[in-house]
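A.B. asks:
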Amino acid sequence: MLVLLTACSAVKLAYNNLPDLAYWWVDGFVDLNDGQSTQLRADLARLLDWHRANELPKIAELLQQIQRQAPADTTAQNVCRLFDEARSRFDVVGVQAESAAVALAMALSPAQIKHLEARYEKGNAKWRRDWLTGDRAERMEKRLNAAVERAEEFYGTLDDKQRAVLQVAIARSGFDPERSFAERLSRQQNLLRTLRTINGSNGAPRPSVAQAAVLVRATLARSVQSPDPDYRAYAQQAILDNCQTYAQLHNGTSTQQRARAVARLAGYERDARELARTP
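With our numbering applied, the sequence shown corresponds to residues 484 to 762, in that order.
1) Pick out whichever of C726, Q550, K609 and D711 has its Cα sitting closest to the Cα of L748.
2) Along the alpha helix (DSSP H) that carries E636, what are the first and last residues, could you check?
3) Taking Cβ to Cβ, would you say R646 is nearer than 8 Å to V631?
4) Would D503 and A583 qualify as a contact pair, given that the criterion is a beta-carbon distance under 8 Å?
5) Could you pull the start and end residues of the alpha helix (DSSP H) that R529 belongs to?
6) Three-state secondary structure (DSSP) at G747?
7) With distances taken between CB atoms, is the gap from L723 to C563 smaller than 8 Å?
8) Could you check the C-alpha separation between Y498 and L615 for me, to the nearest Å?
9) For the region 565–620, list the alpha helix (DSSP H) runs that are entirely contained and at least 4 residues long, ordered along the chain.
10) Short check: CB of A759 to CB of A543, under 8 Å?
11) Assess contact between the region 622–631 and the region 701–712, defined as three or more Cβ pairs (one per stretch) separated by less than 8 Å. Is contact present?
12) Say whether the region 737–756 touches the region 527–546, bearing in mind that this needs 3 or more beta-carbon pairs closer than 8 Å, one atom from each stretch.
13) Ignoring anything shorter than 3 residues, give me the beta strand (DSSP E) runs that lie fully in the region 652–692, in order along the chain.
14) Report the rounded CA-to-CA distance for G617 versus D711, giving the unit in angstroms.
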């Protein structure tokens, strides 16, 4: 959400063009043919209409709730609660998008699945360069700069003490790039296996639409929660650590910085309400 909400006008522009943006993103991974393109564009347009009518008002309410709390100190528990509420909005979208995902999965050819696999390999090579090679101090500096940039979108310029909160948190972080990369590869392979099962290229009979829906649903659930209990514990601890960090950062901000955050959130809320009313 923080990455998306870069400026009020940018939010409106991006939201209204989400079907096109999502289409080009998918096309880059699987190289859609004309029939698939037509179907996917129609499905994405319907999904946006549904989201505009059903989800944007709820997002606006959540933003309003955060605004009311922003002037006061907070706790890690409260930050995590807000995070869970925001994540639930994305989970609902996943459920709504299931039929379109099933239709696309059933239409993919073996060559398109190979294209997806090649794109994964390209992305994984970049991930390795960014997080598994080079100097550890440089990687930590990169994480710090990203965290500062996100925070300053709301609070304005951070002072040295506030930056130190983020710096200490990153230094103490349990982030394990090897473990994260292994999970990334596991999720990719799970999706590729699912698509090949639906496609029939693994030698088994092609499933029915209902059977394909079960496979897609399981794959989406797998992407949200790892079947590996150790990784689930690792991911949950990362969330808790981040909640603690951002609570500490917020509690160290000035009245002026909190006022800026409230104004920023109010702008996003206004955008959400306007977008909900304007097809």
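All residues carry an ideal CB built from backbone N, CA and C; glycine is no exception.
C.D. replies: Result, derived from the coordinates:
1) The alpha carbon of L748 has as its nearest neighbour, out of C726, Q550, K609 and D711, the alpha carbon of Q550.
2) From DSSP, the alpha helix (DSSP H) with E636 extends over R619 to Y638.
3) For R646 and V631, yes; Cβs fall inside 8 Å.
4) For D503 and A583, no; Cβs fall outside 8 Å.
5) Note, R529: alpha helix (DSSP H), D517 to N537.
6) Per the sequence shown, residue 747 should be read as Arg rather than Gly. Helix.
7) Taking 8 Å as the cut-off, the beta carbon of L723 is found closer than this to the beta carbon of C563.
8) Their Cα atoms are separated by approximately 34 Å.
9) Counting whole runs of 4 or more residues, the region 565–620 contains the alpha helix (DSSP H) stretches 581–590 and 593–614.
10) The Cβ-Cβ distance between A759 and A543 falls below 8 Å.
11) Segments in contact, no.
12) These segments touch.
13) Whole beta strand (DSSP E) segments, 3+ residues: zero.
14) In a straight line, the C-alpha of G617 is about 28 Å away from that of D711.
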